[in-house]
Each structure stands twice: as structure tokens, then as C-alpha cells.
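2 protein chains.
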Amino acid sequence: MDWITVYAPATIGNIGPGFDVLGLAVQHIGDTVEARRIETGVVLSSVETLRTTDELSTDADKNTAGIAAREVLSMLGEPGGIELQLKKGIPCGSGLGSSAASAAAGAFAANALYGNELSGADLVLAATRADAVVSGGYFADNTAPSILGGATVTRSGDPLDATKIGTVSALVIVLVTPQLVVLTRTARECLPRQVPMESFVANMANACLITAAFAKDDYALFSRSLSDVVVQPHRSKLITGFDRVSRGALDAGADGVAISGSGPTLFAATDSARTALAIETAMVDAFAAEGVASTSVITEIDLTGTRQM
Amino acid sequence: MDWITVYAPATIGNIGPGFDVLGLAVQHIGDTVEARRIETGVVLSSVETLRTTDELSTDADKNTAGIAAREVLSMLGEPGGIELQLKKGIPCGSGLGSSAASAAAGAFAANALYGNELSGADLVLAATRADAVVSGGYFADNTAPSILGGATVTRSGDPLDATKIGTVSALVIVLVTPQLVVLTRTARECLPRQVPMESFVANMANACLITAAFAKDDYALFSRSLSDVVVQPHRSKLITGFDRVSRGALDAGADGVAISGSGPTLFAATDSARTALAIETAMVDAFAAEGVASTSVITEIDLTGTRQM
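The listed protein sequences derive, respectively, from chains A and B.
The numbering used here numbers the first residue of the first sequence as 115 and each following residue consecutively.
The numbering used here numbers the first residue of the second sequence as 115 and each following residue consecutively.
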């Protein structure tokens with residue numbers, strides 16, 4: 115049996131105010147799996163990480179690519195198996211949906227090898243279950259955009275609901291990932307259990323306006339709705355240099371800055387490629403001034419989602 | 115100077131989960147003003163209410179129609195005045211945006227009489243300021259849909275942001291208004307100051323999915339996203355018979371039931387005119403079984419908003 119190649123994009127969870135609800139797929143960063151049918155079982159024969167410090171298990175039951183592939187075979191009632199080779203393009207623990215993209219690629223590959231019978235919604239379900247095994251939380255705000263592409267709204271209940279909501283075509287995204295470790299678990303534990311009523315309304319309004327901005331392709335509406343008063347005040351404390359870097363981005367012309375997922379990656383929004391370059395330099399320099407090395411990329415929305423190459 | 119006639123539709127604030135953010139204009143119920151230019155000042159020469167128990171001031175500084183008209187004249191820098199006659203088609207204190215519709219009609223009439231120079235967004239601002247004087251809260255979730263029509267998302271900050279988000283064309287709405295008094299002030303005071311994090315996420319997800327449902331004209335998505343775990347558990351206690359009436363609506367085939375605005379009006383959703391009749395009967399009967407008289411109407415979305423007749 116021949117090998118197939120599947121690519122799944124990185125994602126920006128939350129998109130600012132939409133904690134655990136909104137997510138956005140981006141270009142230029144993603145995970146790739148090579149996959150082929152085998153007689154039975156799920157085998158993860160190799161894992162190549164992006165950074166030497168990233169350590170990932172090649173136990174197919176502990177890596178989201180393997181878990182998601184097994185979930186899809188189970189949904190298909192398929193006795194056959196799959197061999198996977200995972201090539202990470204997303205740094206682990208970066209807030210860019212690393213485990214979700216591996217899950218998306220694994221789920222998509224298993225479905226592609228066995229008749230493509232499952233829908234996008236089925237694949238989101240399989241990948242979200244897989245991601246939950248590793249992350250400890252059942253949320254589709256990374257798996258859904260990685261699989262479906264573009265921006266998505268998800269209700270991570272039972273049944274899971276994930277819907278794609280259009281695009282903001284003028285959006286240019288600057289992503290800066292500092293070399294800091296923020297565990298998703300820590301990023302969750304630092305959050306309060308209660309939200310003030312006014313903050314609930316403020317974030318919900320912004321999350322609905324971002325949804326509307328994608329539906330209407332309205333960059334101005336998008337960029338003036340990125341404020342998050344619920345989660346960011348707590349998670350920003352885990353990111354050395356957050357205030358300096360955000361201020362640097364805004365001073366360089368960004369129309370908004372927010373934490374990507376649980377961080378530490380930050381994203382900035384602009385509608386100008388030239389301004390994006392200035393923002394990128396300002397953010398990297400600001401982290402450096404705090405003694406933190408970082409990597410960066412200027413990117414756009416990935417409208418396709420997970421695909422066979 | 116000739117009289118003009120302006121009509122402003124009633125509205126469903128919140129649309130279930132979207133507390134203070136989402137709103138929807140409906141057909142068949144609304145307020146009407148007759149208006150004409152006068153030399154100076156704002157005069158409310160008559161107020162005709164729908165129910166004999168509804169008492170409204172004819173002091174133009176205490177009625178939202180007059181306050182909004184004055185606000186528009188001020189925004190226009192217009193020294194001329196306006197005489198208004200208000201005919202209420204919306205019962206006061208019903209949760210159907212009564213004061214907001216009067217404000218919408220007053221604002222629209224003043225703009226129409228003096229050159230139509232203001233935008234819809236300007237009129238939303240004027241009407242929201244007027245509504246705030248009377249209700250004590252600065253929120254556009256009723257004024258925006260009444261003026262713009264259809265469903266709207268609003269961020270009631272400074273600057274105010276209000277955007278129209280499409281339609282759910284299959285939606286048939288059953289509105290049932292029990293003869294109970296629920297003051298907006300009481301309906302606000304009964305709410306907790308803090309929201310559990312899980313409830314915040316659940317309501318935000320549903321509010322974003324409702325926004326997406328309007329953008330995509332998706333009735334199924336709309337009707338399975340009406341759940342409100344933040345506000346309804348508290349406000350429903352103010353509505354005698356709430357549990358029985360909701361259960362009756364669902365048993366009769368409704369796909370969702372929620373409180374309209376701060377209540378006591380309840381709305382039920384269906385995509386069938388025949389089922390709507392059964393739902394209406396079930397809800398009115400259930401209120402009657404609790405000893406509460408009610409009025410009801412079967413309606414649809416009003417896409418036009420405030421207009422000159």
C-alpha cells in the first residue's frame with residue numbers, strides 16, 4: 115500500500131475574547147503525517163519534532179495523531195490498521211494548537227486511507243476526543259479550525275457543535291513565540307472560577323462581533339473586537355514581557371494584540387504587509403529586551419484546513 | 115408642516131443566551147409616532163397606551179420618544195423643534211423592548227423631519243442614550259434591532275458598536291405575554307454578580323452560534339443554541355408558571371423556549387406555522403392553569419426595522 119501525506123494547519127485558539135469557543139487556522143505552520151494502511155493496529159513509527167527540546171512519545175496511544183487515527187478506525191468499524199510517521203511543524207506547548215493539529219492529521223489520514231466515509235464534523239469529533247486524552251480538556255477550539263479551515267465557532271458539549279464562519283480577507287497575522295514554557299494545565303489553573311457579570315457580557319459581545327466580522331468579511335469590526343477582559347489579565351502574567359511586547363506591537367501599528375490559545379505565543383493583527391514587518395520586529399525586539407528569545411512569522415488565514423498533499 | 119408617521123418594531127432582547135448583546139426585531143408588534151416640525155423644543159402632545167394599566171408620561175423629557183428626538187436634534191445641531199404623538203403597540207414592561215421602540219421611533223422621526231443626515235448607527239446611539247435615561251442601563255440590545263431590523267450584535271461600550279447579522283428565514287416565533295409585572299430593575303437585581311467560568315463559556319458558545327446561525331441562515335443551528343444557563347435560572351423565578359409553560363411549548367413541538375429580554379414574555383421557536391398554533395395554545399393554556407392570563411401572537415423576523423409609513 116502506498117503512503118499518503120496529510121497536512122494540518124496550526125491554529126489560534128480563542129481569537130482573543132472567545133475562550134474555548136473561537137479558533138482560527140493559519141498558513142505556513144502545521145503538522146504533517148505520512149500514513150499507510152497496515153493489517154491491524156495503529157503504529158506511530160517515527161516522530162520528528164521541530165525543536166530539540168520538544169519531546170513527544172512514539173507510543174501511538176499517547177500521541178494525539180495515533181489516538182485520533184484509532185478513534186476514526188473505530189468510528190468506521192474498520193478492522194484494518196494504520197502506520198503513521200509524524201513530522202511536527204508546530205512547536206509543542208506554544209499555544210498554536212500543536213496537539214490538535216497532530217490529531218487532525220491523524221484523523222484525516224485514517225479516514226482518507228479507508229474510503230473517506232466520515233464528514234468534517236466526524237473528524238472534528240475524533241480529533242477533539244484524541245486531544246482531550248492528552249490535554250485533559252474536551253475543547254474543539256483548535257481541532258475544529260485545523261480540520262475545517264478558516265474561523266470556527268464551537269460548543270464543546272455533547273453533541274459537539276462546530277461551524278465555520280467565513281473569513282476576514284484583509285487580515286495579516288504576526289505570530290511571535292517566545293522561548294518560554296507555559297503548560298496548558300498551568301494556563302488553565304491560573305484562571306478564576308468565577309467571572310464578573312460585566313466581564314462576561316464584555317467578552318461575549320466581542321466574541322459575537324468577531325463571529326459577525328468573519329461572516330461579513332469586516333476587518334475593522336474584527337480588529338476592534340479583540341479585547342479579552344476575562345482570561346488575558348490572568349494568563350498574561352505567565353508570559354515574561356507581555357506588557358512590553360503588546361505595547362511594542364500597538365506602537366508599531368498593530369490594530370490588536372492577544373494571546374494565542376493558552377500562550378505563550380502572541381498574535382497581532384494588521385491589514386498591511388508593510389506594517390506587519392514593523393510589528394514583527396517590534397515584538398521580537400521587546401521580548402529580547404526582556405531577555406527572552408523568540409521566533410516569529412507573518413501569516414494569513416488558512417481557509418482549507420487539513421488536506422492531503 | 116405636514117405630519118409624518120414612523121413605525122418601530124418590538125424586539126426580543128438577548129435571544130436566549132446573548133444577555134445584553136443579541137437582539138431581534140419582530141413583526142406585528144410595534145410603536146408608532148406621528149411627528150411634525152415645530153419652531154422650537156420637543157413636545158409630546160399625546161400618548162395612547164395599549165393597555166389601560168400602562169401609564170406613560172407625556173413629559174417629553176421623561177418619555178424615551180421625546181428624549182431620543184431631542185438627542186437627534188442635538189446631534190444635528192438643529193435649532194428647530196418637533197411635536198410627537200405616540201401610539202403604543204407594545205405593552206409596557208413586557209420584555210419586548212417597549213421603551214426602546216418608542217426611542218427608535220422618536221429618533222427616526224426627528225432625523226426624517228430634518229434632512230435624514232444621520233446614519234443608522236447614529237440613530238442607535240441616540241435611542242440607546244434615551245433608553246438609558248428611563249431604564250437606568252446603557253444597552254443597545256433592543257434599540258439596535260428596532261432601528262436596524264433583523265438580528266443585531268451590540269457592544270454597549272464607548273464607542274457603541276451595533277451590527278446587523280442576517281436572518282433565519284425559516285423561523286416562526288410564538289410570543290406569549292403573561293399579565294405579570296416584572297420591572298426591568300427587579301429583573302437586573304435578581305442576577306448574580308459573578309458567573310461560573312463554565313457557564314460563561316457555555317453562554318458565549320451559544321451566543322456565537324446564534325450569531326453564526328443568522329449569518330448562515332441556519333434554523334437548525336439557531337434552534338439548538340438557545341440555552342441560557344447564566345440569566346434564565348434566576349429570571350425564570352420571577353415568572354409564575356415558567357416551568358409549566360416552557361415544558362408545554364416543548365411538548366407541543368417547539369425547538370426552543372426562552373425569556374424575551376427581562377421578561378415576562380416568553381418566546382418559542384419553530385419552523386412550522388402549524389406547530390406554532392399548537393405551541394401558542396399550549397403556552398396560553400399552561401399559564402391559565404397557573405391562574406395567569408396571557409396574550410399571544412405568532413410572528414416572524416422584521417428585517418426592515420424602524421421606517422416611515
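Each residue gets a CB set at the ideal place from its N, CA and C atoms; glycine is no exception.
Predicted model, so just to flag it, every value in this text is computed and none were measured.
Contacts around residue i, its chain only, beta-carbon distance under 6 angstroms, and the 5 residues preceding and following it disregarded
i	result
residue 162 of chain A	201
residue 423 of chain B	119 and 121
residue 247 of chain A	181
residue 145 of chain B	122, 202, 203, 204, 215, 216 and 219
residue 228 of chain A	190 and 192
residue 158 of chain A	172, 174, 177, 180 and 198
residue 337 of chain B	369, 370 and 383
residue 155 of chain A	195
Residue i: contacting residues in chain A (beta-carbon distance under 9 angstroms)
i	result
residue 310 of chain B	307, 308 and 309
residue 459 of chain B	The first residue shown for chain B is 115 and the last is 423, placing residue 459 of chain B beyond what the model contains.
Buried versus exposed call for residue i [16 or more other C-beta atoms within 10 Å across all chains shown]
i	result
residue 153 of chain B	exposed
residue 205 of chain A	buried
residue 407 of chain B	exposed
residue 230 of chain B	exposed
residue 269 of chain B	buried
residue 327 of chain B	buried
residue 243 of chain A	buried
residue 160 of chain A	exposed
residue 379 of chain B	buried
residue 169 of chain B	exposed
residue 359 of chain A	buried
residue 277 of chain B	buried
residue 403 of chain B	exposed
residue 166 of chain A	exposed
residue 130 of chain A	buried
residue 273 of chain B	exposed
residue 184 of chain B	buried
residue 116 of chain A	exposed
residue 339 of chain A	buried
residue 372 of chain A	buried
residue 292 of chain A	buried
residue 390 of chain B	buried
residue 249 of chain A	buried
residue 259 of chain B	buried
Chain A contact residues for residue i, given Cβ-Cβ distances below 8 angstroms
i	result
residue 133 of chain B	314, 315 and 318
residue 272 of chain B	Simply none; closest approach about 12 angstroms.
Listed by chain order, chain B residues near residue i by CB distance under 8 angstroms
i	result
residue 344 of chain A	314
residue 136 of chain A	322
residue 269 of chain A	316, 319, 320, 323 and 339
Residue i beta carbon near the ligand ATP (any heavy atom closer than 8 angstroms)
i	result
residue 354 of chain B	The ligand ATP is not among the ligands present in this structure, which contains no ligands whatsoever.
Same chain, Cβ closer than 7 angstroms to residue i, five either side skipped, listed in chain order
i	result
residue 241 of chain B	182, 214, 217, 218, 221, 257 and 261
residue 377 of chain B	209, 296, 301, 349, 352 and 353
residue 400 of chain B	355, 358, 359 and 362
residue 294 of chain B	353, 354, 378 and 406
residue 411 of chain B	142, 143 and 289
residue 239 of chain A	274
Interface residues of chain B facing residue i [CB-CB closer than 7 angstroms]
i	result
residue 277 of chain A	323, 326 and 335
Close beta carbons around residue i, own chain, < 8 angstroms, minus the five adjacent residues each side
i	result
residue 417 of chain B	139, 263, 264 and 281
residue 365 of chain B	396
residue 237 of chain A	186, 218, 221, 222, 225, 261 and 420
residue 330 of chain A	280
Which of the residues in the stretch 313 to 334 of chain A, read from start to end, lie with their CB under 7 angstroms from any CB of chain B? 314, 315, 317, 318, 319, 320, 321, 322, 323, 325, 326 and 329
Taking a cut of 9 angstroms between CB atoms, which residues from the stretch 290 to 305 of chain A lie near chain B? The stretch 290 to 305 of chain A vs chain B, Cβ under 9 angstroms: 305.
Across the stretch 345 to 356 of chain A and the stretch 277 to 284 of chain A, are there enough close Cβ pairs to call them in contact, namely three or more that are closer than 8 angstroms? no
Does the stretch 216 to 234 of chain A come close enough to the stretch 185 to 197 of chain A that 3 or more CB-CB pairs lie under 8 angstroms? A contact exists between the stretch 185 to 197 of chain A and the stretch 216 to 234 of chain A.
Closer than 7 angstroms, Cβ to any Cβ of chain B: which residues of the stretch 246 to 267 of chain A, in chain order? Residues of the stretch 246 to 267 of chain A with a C-beta atom less than 7 angstroms from some C-beta of chain B are 267, listed in chain order.
Are the stretch 394 to 405 of chain A and the stretch 315 to 323 of chain A in contact at 8 angstroms, needing three or more beta carbon pairs? No contact exists between the stretch 394 to 405 of chain A and the stretch 315 to 323 of chain A.
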